[in-house]
Every structure is written in structure tokens, then in C-alpha cells.
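Here is the structure we will look at, set down as C-alpha cells.
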Ligand SMILES: [Zn+2]
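Numbering (our numbering), first residue to last: 401 to 837.
See below:
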């Protein structure tokens, strides 16, 4: 089959790379080219400062289809099908024209941060491109070398940075994967308020168990609708494509143009890598195991910071204000707790932006509840200063620090995994609902 990758066509003012993907899929089918498998929505490194919004690229597989037909979407009442298998016996030039036309018509080229790119290739790239694109930083020159080596057809607009995501999306080799059904609004509705009934989203969330991140119950917020003026009406995420079609039927909303299902790396934790503290670099996403060596404190803006250490060093970890109630868990951490922190690394300040935490072992915290009593005088002794023991103010006899009465602090915290609320979750973060722990 032939691989098509597209990235970086949107801007904060609108547009959407998945919408371009949707229109290309429809046009290819109209022109007699088959789609193979679900189109793919591939999220890349969420810590890259120059990303547009979600840092998502798309990939489409096209060709001469064979095998079983699968329903992948609908356009104005007409069903869109893909095939489970296919050959690459198709005219690349025709595919190129369709892709080029849609990208040039729809990309937000005027936005200085929008640098679109598309790639078309018969030869799939090695998955290391994806691995690096999701976990680290890819450089355009290296990507172009791969494209040339594979004999790919490609075009980068402006600084051409979109080629990076386009190539990375093609090279994704799904291990874990999820699906997202995205519905698209009629053009006249773009930029206007979305009409999606909250109650129906809650009902869908409670009915279709294989979906996730539909609604934030703590914040009472619908999460399937985006906040940008893009063509998307809503996106429902889940583990089973057939359930997503059922889920969409439950959601009550304005009429929409159609929908498409994407295979995606969202909710997979593909961006994370286990590291020792000394190996951590800005823009990576990491899993670090360590012991709390500085207790949590809250700074202006409501962000909660603590630090953990391992045998190689110590690093700050931050639960930012938008993580809301999650910060209450973090505030309960004490020195000596053994934890595993999951999150993206910020450069300035150098800190881990926590997405999830696993509390592996709670330390025993003893708190002094009573000073020792003088055996001769029967009164409480006075402290002579921290760690210096106690003295009876009447007779002058002394006792050690350990002679005071201590109780073990009730930690009011359990070992296990804790995650940020759905409203603060990153696209790539695996919800605990999907984890076998
Ligand atoms: Zn005494």
C-alpha cells in the first residue's frame, strides 16, 4: 500500500489536520482509490515548545483494497469504508494531487507557527522515527534524509517542519493503541458555540464502558468537545471502534456533516521512558522512581512542588494548578515516601510536569505527642532545643529525645496509582482505566 502522512496544518485560530485527512479520504474514495485500515491520528512529543496544539499528525494508508470491508466513517449520510488489506497498485501522482490540493486549500499558511508538510511513500519508514518523534526531538535534516532514501514524494511548506510529524505518523508501528471517533461540523457552524448536550455525554460515558475521558465529574465539564474554533464537533475516545459508533448515537448534539474513526496512540503512554534522574533531559517524558527528599509546598498560582531523589541526583516534580484535586494527593507526600513519577520534563524551570504518580511505599512518620514526664516531680519536662533532649525545670534532671511519647502519623493516603483528572490529561497519557495495575 501507499502511505500518506500530513502534519502541522492548523493554527490556534482554526483548522484541523484531521479534517484535512477526512476530506482527503473522501476524495480518494471518490477517485476510485481504496483506503486500507483506519486512518491514523498520531500524537507526538507533547513537550515540544513549537508544537501548534495537540501535536497530532495523521497517516492514511491507500491502495487497491482487498480483504474485509470496515466502516470507518460517514460523509453527509454516505458511508465510508476501508479494506483490511491492500496492494500499492495505484497512481501516486493522483494521490499527490489530491493531498496537495487539500493541504494548500485548508492549511493555515498565514499563521507564522503553521509549517505544513506532507509525505507520500510506498516504503514505510522504520519505526525509530516514530519512537524518537514521540519521546524526544526529531530534526528536520535527519527526516529529509530518510525521505530521500525511501524515494518518498514530499512537500514541506515554509520552514517545512510539518514533514517531521508527517514522517513520524507514517512510521508508527502500533503496539498498544486506541481509537477516536471525530465528528465534523457543517462549515457555517465553524467558530460558533458547539451544541452538545451535557446530560447525553454523561449517559454515553456511563453506558459505553470502553470509552474514556468523556466527562470530568469533579469539574463538571464535557471533554469530548474541543475549545478551539476548529471544524471538530466532538471526539470520543475508546478501545473499540464498534463501541464508538454506539457512543456517538447516544450523544445529543447539533446536526453534523459526518464523522471518521481514527486509530491512535492516544492514551498509550508511548511518550514515556524510564530514566535515572541524572539522565533526564528537557522535553522528554519520563518515569522516575525515587524517594521524596523535599516535602510538597504550594507556590503562587497554586502549583504544588516537591522533589525526589535516586542514587544519581534529585529533581523537582510539579503538580500544576489545572490538575485541581490531584494536588491534594501530592500535598500528602512525606519525606521518605517511595514513588514513581510519570510526566513531561520542562526546561525552565527544570521540573517534571506530573501526569501520574505511583506511591510504592509510604514512609512511617512519627510525631511527638507528649514531652517526657520527670519521675521525681511528676511534671512534663521542657525541650532543650531540637534534638537536644529534655530537662525538668524544677529539679534539673534530663531525659533523651527518645523518651518523649510518639505516635505514628495516620497518613490518610494509600499506596497505588493516582492520576490527574481527565480535564488535565495529555492526549498520550494512559488513563488508569486502561491500565492493568
Ligand atoms: Zn523534676
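All C-beta atoms in this analysis are idealised placements derived from N, C-alpha and C, irrespective of residue type, glycine included.
- Taking 7 Å as the cut-off, one finds at least one heavy atom of ligand 1 near enough to the beta carbon of residue 797.
- Per DSSP, residue 422 is one residue of the alpha helix (DSSP H) stretching across 417-430.
- Each residue's CA atom was taken as its position, placing residue 553 and residue 519 some 6 Å apart.
- Within the segment 694-765, the complete beta strand (DSSP E) segments of 3 residues or longer fall at 704-710, 713-719, 738-746 and 751-761, listed in chain order.
- The C-alpha of residue 590 is placed about 45 Å away from the C-alpha of residue 689.
- For residue 797, same chain residues with a beta-carbon under 7 Å away, outside a window of 5 residues either side, are 774 and 776 in chain order.
- Annotation: residue 425 to residue 457 spans about 15 Å, alpha carbon to alpha carbon.
- Relative to ligand 1, the beta carbon of residue 794 is positioned inside 7 Å of a heavy atom.
- Between residue 742 and residue 755, the gap from beta carbon to beta carbon is short of 8 Å.
- By alpha-carbon distance to residue 701, the top candidate from 693, 472, 715 and 723 is 723.
- Collapsing the DSSP output to three states places residue 780 in a strand.
- For residue 776, the Cβ falls inside the 7 Å cut-off from some heavy atom of ligand 1.
- Going by C-alpha positions, residue 674 is about 25 Å away from residue 543.
- Residue environment analysis places residue 617 among the exposed positions, since fewer than 16 neighbouring C-beta atoms fall within 10 angstroms of its C-beta.
- Excluding five sequence positions before and after residue 793, the CB atoms of its chain that fall closer than 6 Å to its own CB belong to 782, given in chain order.
- Nearest C-alpha to residue 729 among 697, 570 and 709: 697.
- Across the structure, residue 439 and residue 642 are spaced so that their CA atoms are roughly 15 Å apart.
- Annotation: residue 502 to residue 739 spans about 48 Å, alpha carbon to alpha carbon.
- Contact between residue 462 and residue 490 holds: CB atoms are separated by about 7 Å, below the 8 Å threshold.
- Residue burial annotation: residue 418 is buried, with at least 16 other C-beta atoms found within 10 angstroms of its C-beta.
- Within its own chain, the residues whose Cβ lies closer than 8 Å to the Cβ of residue 596, once the five positions on either side in sequence are excluded, are 622, 624, 625, 633, 634, 651, 652, 653 and 654, listed in chain order.
- Annotated as distal: residue 658 and residue 415, with beta-carbon spacing of 8 Å or more.
- Runs of beta strand (DSSP E) with 3 or more residues, each lying fully within the segment 599-665, are found at 632-638 and 658-664, listed in chain order.
- Distance from residue 436 to residue 482 at the Cβ level is roughly 6 Å; contact confirmed, criterion being Cβ atoms closer than 8 Å.
- The three-state secondary structure of residue 584, taken from DSSP, is strand.
- Per DSSP, reduced to three states, the secondary structure at residue 520 is strand.
- Excluding the 5 residues flanking it on each side, residue 815 has same chain C-beta neighbours closer than 8 Å at 759, 760, 761 and 762, in chain order.
- If you ignore the 5 residues before and after residue 685, its C-beta comes within less than 6 Å of the C-beta of 671, 672 and 744, all in its own chain and listed in chain order.
- In the displayed model, residue 589 falls within a helix according to three-state DSSP.
- Looking at 770, 726, 708 and 768, the one whose alpha-carbon comes closest to that of residue 751 is 708.
- In the DSSP secondary-structure assignment, residue 464 is bridged to 487.
- Note that the segment 563-580 touches the segment 534-550; at least 3 beta-carbon pairs, one per stretch, sit closer than 8 Å.
- Under a 10 Å Cβ-count criterion, residue 571 is classified as buried, with 16 or more other Cβ atoms of the shown protein chains found around its own Cβ.
- Per the C-alpha coordinates, the member of 713, 711, 712 and 706 positioned closest to residue 719 is 706.
- Residues of the same chain with a CB within less than 7 Å of the CB of residue 780, apart from the 5 flanking positions on each side, are 771 and 773 in chain order.
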